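These notes concern the structure reproduced below.
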Amino acid sequence: MKPINVEIVNPEARAKLAEFLCENNRAPRLCLHSEAGETLSAYLADLAALPPDEAAYVAATIDDVIVGVMGAEFEPDGDRTWLRGPVIANELPSEAADGVCDALWRELADQLPATVKRFDGFPEIAHTALQAWYRRQQFTEQSHYFIYESPRPDPVLPWPDQVKPATAAQHAALIALAKFVFPTGYITEAQFTAANDERHAVFVIGDGDAVDGYVYANIPDAGDEPTEVYVDYLVVSPQARGKGYGRMLLQAALAWGFLERNAQSAALTVAADNTNAKGLYASVGFDLVATGVPMRRDVK
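One gets my numbering by counting positions in the sequence shown from 1 and adding 45 to each.
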């Protein structure tokens with residue numbers, strides 16, 4: 046095999062990766078953390094939106110041709126990173142792919158903050174080669190997740206009166222509920238309590254300073270592509286379940302995305318064993334489009 050050259054890709058040069066990712070990160074060899082859409086402009090927008098101090102990318106070349114890419118997202122002083130890839134050129138022989146993956150991983154690991162103790166990958170279930178590579182790197186398979194998508198309906202369901210933006214008085218209860226249900230969630234306290242804007246929104250159900258449930262939604266930058274609203278979290282307090290709050294909160298997030306932000310589609314991720322949530326999402330027009338296999342490695 047010819048020599049593999051791996052180099053760090055500086056933030057201002059990440060655009061050169063978009064074409065490679067758009068061409069090679071495709072089903073059935075799909076890394077869900079790397080997935081940005083169907084077009085080059087969507088990948089360009091995704092890479093451009095990464096804060097320079099919260100992401101790293103490396104690229105592998107053979108004879109000056111890119112044959113593999115791997116990246117990571119992280120908080121500068123945080124202990125967790127979300128791995129993107131490795132994404133390998135479709136035409137690369139399988140016997141060479143593992144060597145490229147190993148070389149990418151070694152170089153990328155050297156670029157990550159020393160505080161990182163948890164590494165998370167997210168291959169699609171059909172990408173068995175990537176799952177096998179993660180296992181060889183001492184990653185362990187976690188419970189699966191389903192990815193659902195929905196086109197913009199006509200008409201859009203109306204906004205439920207019970208759902209409101211979170212108030213300052215509700216922030217403490219909101220954070221407490223978020224930590225209780227998702228103790229290792231990726232949304233920070235600052236993001237939960239920031240004022241709603243054109244890119245993200247938090248809505249709650251609850252009286253006074255109480256929070257019976259919340260939904261967190263965002264709209265990633267998709268460049269010239271039609272926008273998509275992504276529902277990051279939909280949570281109802283255990284004490285408040287069975288009252289239809291989940292549907293109301295989801296309906297509010299979709300109304301915000303479709304009516305206020307003119308999104309043309311919606312997406313969300315749900316644990317594969319959450320049968321109640323799956324039924325709710327299907328009832329408002331979501332279809333299953335992918336199954337993610339989380340791969341995790343914790344280091345001391």
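We put the CB at the ideal spot given by N, CA and C, even for glycine. The structure presented is a predicted model; accordingly, all values stated were derived computationally and were not measured.
Using the three-state DSSP reduction, which class does residue 291 fall into: helix, strand or coil? helix
Continuous alpha helix (DSSP H) stretch holding residue 63: start and end: Counting along the chain, the alpha helix (DSSP H) containing residue 63 begins and ends at 60–69.
Nearest to residue 172 by CA position, among 337, 341 and 342, is which residue? 337
Taking Cβ positions, are residue 258 and residue 313 nearer each other than 9 Å? Taking 9 Å as the Cβ cut-off, residue 258 and residue 313 do not qualify as a contacting pair.
With a CB to CB cut of under 7 Å and the five nearest residues on each side skipped, what residues in its chain are close to residue 107? 47 and 49
Smallest Cα separation from residue 240: which of 137, 97, 209 and 330? 209
Please go through the same chain and pick out, in chain order, the residues whose beta-carbon is closer than 7 Å to the beta-carbon of residue 92, but skip the five residues on each side of it. 59, 60, 62 and 63
Within 9 Å, strictly: CB atoms of residue 188 and residue 316: It is a contact, given that the beta carbons lie within the stated cut-off.
When DSSP labels each residue in this structure, what does residue 321 get in the three-state scheme? helix
What is the DSSP secondary structure of residue 245, counted as helix, strand or coil? strand
Residue from 55, 85 and 132 with nearest C-alpha to residue 95: 55
Exposed unless 16 or more other CB atoms sit within 10 angstroms - verdict on residue 69: buried
Which word fits residue 228, buried or exposed, when buried means at least 16 other C-beta atoms lie within 10 angstroms of its C-beta? exposed
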